[in-house]
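Numbering (the working numbering), first residue to last: 2 to 178.
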């Protein structure tokens, strides 16, 4: 699998692999981390498309989120609507900046994307739950997000947004390492 993924732009993981608890996570992790290439996770009943009309970007101002946006730039620029969702944003001079989401909106706009920012409160829920529900509420066709914002060992032991969404994706999920 690694050899095939390394010679491609994108690995697509469909329902058969996604539902195989022994192989699915290995394929996703291997494709992301052994090749550095993005993965499109397509759950049962979802339509795999490389031309989504509405895309939700899970943004947290981290390198992984930036890479996912860069890798998905052709998808985002071609979409009718891109919503950048930031869960519990904090306006700081580092991280999100003084105006959370402004920098990524400027970047995407320069590349032709039609972008808006949604600042979301978690209200005690996990960021993954908030993002997944917001994607459904806004009729998104795809979620784009960075994979694994924490160290890999910690992520494997304790989970995280990526693991939760990969385990129960509500719609296609574009991940980049």
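The C-beta atom is built at its ideal place from N, Cα and C for all residues, glycine as well.
Under the DSSP assignment, residue 22 falls outside any beta strand (DSSP E); it carries neither an H nor an E label. For residue 72, the enclosing alpha helix (DSSP H) stretches over residues 64-72. Under the three-state reduction of DSSP output, residue 59 falls in the strand class. Here the C-alpha atom of residue 77 lies approximately 20 Å from the C-alpha atom of residue 37. Around residue 119, the same chain offers 84 and 86 as residues with beta carbons nearer than 6 Å, after the five sequence neighbours per side are excluded.
In the three-state reduction of the DSSP assignment, residue 139 falls in the coil class. Pairing residue 174 with residue 114, the inter-Cα distance amounts to about 19 Å. Looking from the CA of residue 128, the closest CA among 139, 117, 71 and 61 belongs to 61. Looking at the DSSP output, residue 111 bridges to nothing. Taking the C-beta atoms as reference points, residue 69 is found nearer than 8 Å to residue 176. Nearest in C-alpha terms to residue 122, of all of 6, 134, 90 and 148, is 90. Residue 133 is not a Cβ neighbour of residue 55, given a cutoff of 8 Å. DSSP, read as helix, strand or coil, puts residue 5 in helix. In the three-state reduction of the DSSP assignment, residue 43 falls in the coil class. DSSP lists no bridge partner for residue 18. Residue pairing by DSSP puts residue 119 in a beta bridge opposite 86. Boundaries of the beta strand (DSSP E) harbouring residue 175: 174-177, taken from the DSSP string.
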